[in-house]
Each structure stands twice: as C-alpha cells, then as structure tokens.
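There are 2 protein chains.
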Amino acid sequence: MVEPARHERADAARNRTTILAAAEGLVAECGAQCVTMDQVARAAGVGKGTLFRHFGDRCGLMRALLDERERGLQEGFIRGPAPLGPGAPARARLIAFGERMLEHIEIQGDLLVAAENGAPGARLRHSVYAAYRAHVTALLRESDCDGEIGYVADVLLAALVSELVLFQRRELGMSQEQLKRCWGDLVRALVPAR
Amino acid sequence: MVEPARHERADAARNRTTILAAAEGLVAECGAQCVTMDQVARAAGVGKGTLFRHFGDRCGLMRALLDERERGLQEGFIRGPAPLGPGAPARARLIAFGERMLEHIEIQGDLLVAAENGAPGARLRHSVYAAYRAHVTALLRESDCDGEIGYVADVLLAALVSELVLFQRRELGMSQEQLKRCWGDLVRALVPAR
DNA sequence: CAGGGAAGCGGACTGTGGTCCGTATGGAGC
DNA sequence: GCTCCATACGGACCACAGTCCGCTTCCCTG
C-alpha cells in the first residue's frame, strides 16, 4: 500500500501526497470520525474516483495516514533497543509491547478506530494484525508459554483493541498508568516467569 | 426495547411483530449480512420510518431478533442450574459462562456480528455489555481474583467478541472444542483456584 | 519528436442507512 | 357514538461510501 507497486506515474504520486496532506489537515481540524471522503476529495482538488483508486476505501485512507507512525512502531519492536526490541527476556518485551501500544492508542486513538471500523472481520484479516500476531506469538513461544500460543496472542491483542482501550480510558475513567499496570499483570499471569 | 414502554398502540404492536417476522425470514433466507432495511420494510408492508421508529437503527433491529435467545442466556447465568447458574464455585461458573457464549456464537454468529457492528464503541456502551460485565465481575470478586477485576472482566469478554471467535473458527480453523479448552485455560490462568 | 496504448482522472451515478414531516388513526374521555 | 390529540405511519428526502466509464495524461518505443 505504501510502495508504488511498479512504476507509479508522476501525476499519480503527486495526487497521493496531495490527498494525504489534505486528509491529514481535515483530520487534525475536526477529527477522523467526521471527515467525509467527498470533503477530502474536494480539499485535495481531486475527483472521488482518484481517492478510491489510491486507497481502496475509507479505512484504507485512514490506515495510510497511520502508516508512517505504525511503521515506526514495528521498527521499534523488531530492531529497536530493549526491552521493546531484542535483548530483553520475552516476557519483559511483551510488557513493553503492550505499553507501547497503549501510548500509541493514546495519541492516535480516533484515527485507529476509524481505520479499524471496516467490514466485519476485516481488521483481523489485515496484514497489520497478522504482523502483531506473529510478533506476540514469537515472544510467547520464546518464553515457553504453555497452551495454544496463537489463542493467547489473540487474547492479548484483544485487550489492546483501540475501541476497548478508549472505552476504558474515556468511559470507565481508567488512567494510562492503570492500564499499563493491568496489562503487566495480565502478561505475568499468562506467561511463565522463565 | 422489548417492553411496550407505556401503552403501545394496537397498530404499533401489530407492526412490531410483523416487522420482526419479516426480518427473521429474510435473515434466515440470505444471512443477516445482506438484508437491507428497505427489504425488511417492503417485506413487512411497512414504511421505512416505522422500522426506524421501532428499532432505532439497523443494529437495534438485529438485537431485537437476538433478544429472546439472549434473554434465555441471561436467565441461565443468573437463575439456571449449576455450573452455569449459582451453586458451583465461581471459577467453574466462569468457565461454563464462556463455553455457553461460544455455543451461542456458533449458532447466532452472523446475527451477533451484525448487531455489534454499529457506531464505534456503541457495543461497549450498550446495556447488554454492561450486564455481562457485571456478571463476570461478580464471579471474579467471588473468587478473590487479585488485580483490577473490571479490567480482567473486559479482557475475558474481549476473548468472546463474536468477530474474533468467528475469525478463529472460520479463518484460523479452530474447532469449538479447542476454543472451549483454551477458554478454560485462560480462566484458570487468571483466576485463583480457591 | 510522434504515435499509441496503458495508467490515471473526475464526477455522475447507485445503493444503503437514517431523518423529517405532513397525514392518518387508535383509544381515552365525554 | 363523537371529539380530540398524542401516537404512529409512510415514503420522499438527505448524506455518505463506493462504482463506473468516457476522457485525459503520461511516458515508452521507435
């Protein structure tokens, strides 16, 4: 999605950046929730068809807006410094993973919700979920977690779904520190100490 | 929603049942996913306004279709025989709770997804979620679960979100028995043995 | 530099969820 | 049975996501 598949034509590349800039501005201005595709197209001075050609659907556009930061996240998990990256024990890395995600949701919350709110199940089928799942699964395997590792990964990731986290933060009034503490307890309860 | 708020007018009551019957038929025929509100209105011989007056929105209609069965579920949790109902130790009740939910999802899966796919966070704010959350929270408290009980309840319920369960069943190819086993392991890991 | 064809563009169009408001009707009070 | 008005009805109407297709532009080839 972020790569120009083969040879992206000059006008297409120009349009993509224009659209992203316009979308970014509108989202900053009035929230991801209330930005419409027509608005973005108009703001970018581009036809609606072009919008959908580039990003597939609304969620695709939102994901594209998140893409850069999301890639930063993934870099941190894979190659960054411990305890997020390699070097620390798997359980500590899992805890750091969750805390990092919670911080990410804190900042990008609404955008994340907008990006996930697509066709039912689309979120789970998407490659981003697969990547997180693979990461968590690997860490679980590394720490000799008993039981079905894939299932535990799904449960852990379910605890980090942005819709739920925002509900806990805003509706239940939990603080971020509290959520991080709870996440740590959860991981410690599910993953043996080594 | 299921009660005639005060004195429901005769024509209104008639329409409600007609609509529910029509919707039920259409859903049975071609799946909850692909039934449109116009279709239901036409099939029930009723205006669209009437539809929305009675059920608020699409999700409301789907929830109404689920309502009877859902109420059966809740009855079972609260007053039914052990281990689902009172009498068994809390941890066993929690395990039974999850297994019952998994069976429910097995049967009502698509309808549940259609009923949950509303505005972001609406599912969590809805009274049905609150009821399940209260039930799980009470069982956790009863079993002297350490840590933030509310958080653990959210995590447990997140593992039972129908979107996720259907993904695990259909996309990951997990069997229902496997899911029940995993659920049991999850509860046992999070709840002390007493 | 010219020609041709593929890639891209735009905006009219469609389908769907949801609202609005003028009209019809049930049923309470007489 | 009659009157009256809160309640409910219906379908035209709106907003928005997503599609379609005739036209334009880019850029590769010779």
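Line by line, the protein sequences are chains A and B.
With the first letter of the first sequence counted as 1, position 77 gets the number 77 in the working numbering; the numbers rise by one all the way through.
With positions in the second sequence counted from 1, the corresponding number in the working numbering is that position plus 1000.
A virtual CB, placed ideally from N, CA and C, is assigned to each residue, including glycine.
None of these values were measured; they are calculated from a predicted model.
6 Å CB neighbourhood of residue i in its chain, flanking five on each side removed
i, result
"residue 86/A", "none"
"residue 1041/B", "1048, 1051"
"residue 44/A", "18, 19, 22"
"residue 59/A", "115, 118"
Residue i in three-state terms, based on DSSP
i, result
"residue 1088/B", "strand"
"residue 950/B", "This structure leaves residue 950/B out entirely; chain B is present only between 1001 and 1194."
"residue 194/A", "coil"
"residue 1082/B", "coil"
"residue 1034/B", "helix"
"residue 119/A", "coil"
"residue 1062/B", "helix"
"residue 1046/B", "coil"
"residue 101/A", "helix"
"residue 9/A", "coil"
"residue 1004/B", "With a pLDDT of only 41 at residue 1004/B, under the threshold of 50, the placement of this residue in the model should not be trusted, and no figure is reported."
"residue 184/A", "helix"
"residue 1150/B", "helix"
"residue 126/A", "coil"
"residue 175/A", "coil"
"residue 143/A", "coil"
"residue 1067/B", "helix"
"residue 57/A", "coil"
Cutoff 8 Å; reference residue i; Cβ partners in own chain excluding five residues on either side
i, result
"residue 1145/B", "1152, 1190, 1191, 1192"
"residue 57/A", "118"
"residue 94/A", "136, 139, 140, 143, 156, 187, 191"
"residue 84/A", "76, 77, 93, 96, 97, 100"
Cut-off 7 Å between Cβ atoms - residues of its own chain near residue i, not counting five sequence neighbours on either side
i, result
"residue 1173/B", "none"
"residue 1162/B", "1105, 1109, 1112, 1113, 1116"
"residue 150/A", "137"
"residue 12/A", "none"
"residue 1123/B", "1116, 1129"
"residue 90/A", "139, 142, 143"
"residue 1024/B", "1065"
"residue 8/A", "none"
Distance between residue j and residue i (C-alpha atoms, nearest Å)
i, j, result
"residue 166/A", "residue 1110/B", "25 Å"
"residue 175/A", "residue 1015/B", "47 Å"
"residue 64/A", "residue 10/A", "19 Å"
"residue 27/A", "residue 1081/B", "52 Å"
"residue 126/A", "residue 1171/B", "12 Å"
"residue 1061/B", "residue 1019/B", "9 Å"
"residue 168/A", "residue 160/A", "11 Å"
"residue 1039/B", "residue 1054/B", "16 Å"
"residue 1021/B", "residue 164/A", "34 Å"
"residue 148/A", "residue 1177/B", "13 Å"
"residue 1037/B", "residue 158/A", "31 Å"
"residue 194/A", "residue 88/A", "12 Å"
"residue 107/A", "residue 79/A", "22 Å"
"residue 1070/B", "residue 103/A", "36 Å"
"residue 1154/B", "residue 154/A", "14 Å"
"residue 1120/B", "residue 120/A", "12 Å"
message = Using a Cβ distance threshold of 8 Å, determine whether the segment 1176-1183 of chain B contacts the segment 1122-1131 of chain B, with at least three qualifying pairs required.
response = no
key: Inter-stretch contact at 8 Å, needing at least 3 Cβ pairs: the segment 79-99 of chain A / the segment 47-61 of chain A   = no
ask   = Are the segment 1071-1088 of chain B and the segment 1027-1042 of chain B touching by the rule of at least three beta carbon pairs closer than 8 Å?
value = no
inquiry  = For the segment 1159-1171 of chain B, list every residue whose C-beta sits within 8 Å of some C-beta in chain A, in sequence order.
reply    = 1159, 1161, 1163, 1164, 1166, 1167, 1168, 1171
task = Could you name the residues of the segment 1093-1122 of chain B whose beta carbon sits closer than 7 Å to any beta carbon of chain A, in the order they occur along the chain?
result = 1113, 1117, 1120, 1121
message = Any C-beta of chain B within less than 7 Å: which residues of the segment 49-82 of chain A qualify?
response = none
message = Closer than 7 Å between beta carbons: that is the criterion. Which residues of the segment 20-44 of chain A meet it against chain B?
response = none
ask   = Using Cβ-Cβ distances below 9 Å, what residues of the segment 134-156 of chain A are close to chain B?
value = 146, 147, 148, 150, 151, 152, 154, 155, 156
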